[in-house]
Amino acid sequence: MFQPAASTMNKSYRHGQILKVLRARRVHTQQELADALGALGFEATQVTLSRDIRELGLVKTTQGYRVPSIAPHGPDLTTVAREFLLDVRVAQHTLVLNTPPAHASSLAEALDQAEWPEVVGTIAGDNTVLVVASDAKTAQALRDRLLALLS
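Counting from 4, one number per residue, gives the positions in the sequence shown under the working numbering.
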């Protein structure tokens, strides 16, 4: 996996990595966050982390830093899949989802918002979504899970 040097890591990327850490585990202090980022190959000063925490709107609770819950953008995955998913094919560790024209991005966004752990990422075109899974077995399980939404 590509790990940029700390000096080349832009704010958006750093924010994404902070959110990724917080979704994966509990972090109680800025030092724990700095250590977690360090384990990923990034260095961040306390001043930078304080600013990032404020900009991300993170909330400190007794369970650690939390990402505030935000209302989902648009309908949920089940609704979007039932309306727009026409076909699901597996190609090794990638799924190819077909939709009517102009609806692939809606399906990809709903899948991203669902935050399924099997989904590494999505790419949407006009009527096709590529969904990347970690391996072929996971891709097949993901296909089955998507098809189950349609029943």
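Glycine included, C-beta positions come from ideal geometry on N, C-alpha and C. Just so we're clear, the structure is a prediction, and the values are computed from it rather than from any experiment.
Which of the three DSSP states, helix, strand or coil, is assigned to residue i?
{"i": "Asp147", "result": "helix"}
{"i": "Thr48", "result": "coil"}
{"i": "Arg69", "result": "strand"}
{"i": "Asp129", "result": "coil"}
{"i": "Gly41", "result": "helix"}
{"i": "Tyr16", "result": "helix"}
{"i": "Thr64", "result": "strand"}
{"i": "Lys23", "result": "helix"}
{"i": "Val134", "result": "strand"}
Whose CA, out of the options, lies closest to the CA of residue i?
{"i": "Val173", "options": "Ala27, Leu152, Leu98", "result": "Past the edges of the chain, shown from 4 to 154, lies residue 173, and the structure says nothing about it."}
{"i": "Gln20", "options": "Lys140, Glu46, Leu133", "result": "Glu46"}
{"i": "Arg85", "options": "Leu52, His96, Asn101", "result": "Asn101"}
{"i": "Leu153", "options": "Phe87, Trp119, Arg54, Gln143", "result": "Phe87"}
{"i": "Val30", "options": "Ala127, Lys63, Ala111, Ala136", "result": "Lys63"}
{"i": "Tyr16", "options": "Gly44, Val132, Asp38, Thr32", "result": "Gly44"}
{"i": "Glu58", "options": "Leu150, His18, Glu121", "result": "His18"}
{"i": "Ala107", "options": "Thr125, Val123, Asn130, Val122", "result": "Asn130"}
Kindly give me the distance between the Cβ atoms of residue i and residue j, rounded to whole angstroms, as I take these residues to be in contact under 8 Å.
{"i": "Leu114", "j": "Leu80", "result": "6 Å"}
{"i": "Leu89", "j": "Pro104", "result": "Leu89 to Pro104, Cβ: 11 Å. No contact."}
{"i": "Ala136", "j": "Leu145", "result": "5 Å"}
{"i": "Ala111", "j": "Val132", "result": "5 Å"}
{"i": "Gln143", "j": "Val83", "result": "Between Val83 and Gln143 the Cβ distance is about 22 Å, and since that is not below 8 Å, they are no contact."}
Exercise. Count the C-beta pairs between the stretch 91–108 and the stretch 41–60 that are closer than 8 Å, then say yes if the count reaches three, no if not.
Key: no
Quiz prompt | Unbroken stretches of the beta strand (DSSP E), 3 residues or longer, contained in the stretch 87–116 | solution = 90–94, 97–101
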